[in-house]
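Numbering (the working numbering), first residue to last: 2 to 192.
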């Protein structure tokens with residue numbers, strides 16, 4: 002019995018390598034996100050143009066918790082609950098420090114694109130954290146991934162590409178077998 006050498010292994014290495022790379026990248030990203038999350042860091046997306054041009058709308062920011070007033074200096078970008086609208090979160094830059102009537106510390110903030118400082122000082126209890134990292138491109142991707150149906154697309158598209166790759170490879174093998182059988186028949190007829 003003669004064994005046929007399977008030459009199609011090369012066609013399987015590329016898809017397998019791509020899938021393995023995606024799995025490793027997703028695992029590393031997930032590990033980094035989990036590590037940051039468990040350390041008290043949070044991910045936020047900039048929703049308005051008040052911090053443009055450095056933080057355009059859609060910018061993804063990584064926010065580190067603030068536990069003491071000494072961690073905040075002028076120029077720090079704070080993420081805080083709006084003192085005037087408790088359901089709203091704001092990211093603005095610290096432009097000054099003020100002492101409260103009780104002797105505590107609060108901060109005067111301003112959006113980079115705004116002409117005036119914010120009307121209310123920000124107290125430590127309203128601060129969710131300070132911006133440590135930013136990525137304008139990732140913010141749009143995360144916002145898109147949070148929309149309804151996005152998980153189905155994020156899982157379904159790679160599966161569809163894998164199935165398409167397999168279908169193309171099967172069709173190539175089928176055509177190759179047909180060419181070989183036609184060529185073998187021609188050789189037998191000529192003999």
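Note that beta-carbon positions come from the ideal geometry of N, C-alpha and C, so glycine has one too.
Chain-order list of residues whose beta-carbon lies under 6 Å from that of residue i (same chain, five-residue window excluded)
i, result
"residue 124", "107"
"residue 166", "16"
"residue 56", "47"
"residue 135", "60 and 62"
"residue 51", "112, 114 and 115"
"residue 2", "Low confidence applies to residue 2: its pLDDT is 49, below 50, so where it sits in the model is not reliable, and the reading given next is rough at best. No residues qualify anywhere along the chain."
7 Å Cβ shell around residue i - same chain, five flanking residues per side excluded
i, result
"residue 96", "75, 109, 110, 111 and 118"
"residue 139", "61"
Reduced DSSP category for residue i - H, G, I as helix; E, B as strand; rest coil
i, result
"residue 22", "helix"
"residue 136", "strand"
"residue 172", "helix"
"residue 2", "Note that residue 2 scores a pLDDT of 49, beneath 50, so its modelled location is shaky; the value from the coordinates is reported in the next line. Looking at residue 2 - three-state DSSP - the assignment turns out to be coil, as it is neither helix nor strand."
"residue 78", "strand"
"residue 180", "helix"
"residue 92", "strand"
"residue 162", "helix"
"residue 116", "coil"
Residue i and residue j closer than 9 Å at C-beta
i, j, result
"residue 129", "residue 64", "yes"
"residue 144", "residue 59", "yes"
"residue 72", "residue 131", "yes"
"residue 66", "residue 105", "no"
"residue 53", "residue 114", "yes"
"residue 163", "residue 20", "yes"
"residue 68", "residue 94", "no"
Start-to-end residues for the beta strand (DSSP E) that takes in residue i
i, result
"residue 45", "43-46"
"residue 111", "106-111"
"residue 60", "First-last for residue 60: undefined, no H or E at that position."
Closer than 9 Å to chain D by CB, residue i
i, result
"residue 58", "This model lacks chain D altogether, as it is built from one protein chain only."
Contacts around residue i, its chain only, beta-carbon distance under 8 Å, and the 5 residues preceding and following it disregarded
i, result
"residue 100", "106 and 107"
Heavy atom of the ligand GTP within 8 Å of residue i beta-carbon
i, result
"residue 148", "What this structure holds is no ligand at all, so the ligand GTP is not there to describe."
Next on the checklist: Check whether the region 118-128 and the region 77-92 are in contact - that is, three or more C-beta pairs closer than 8 Å.
Outcome noted: yes
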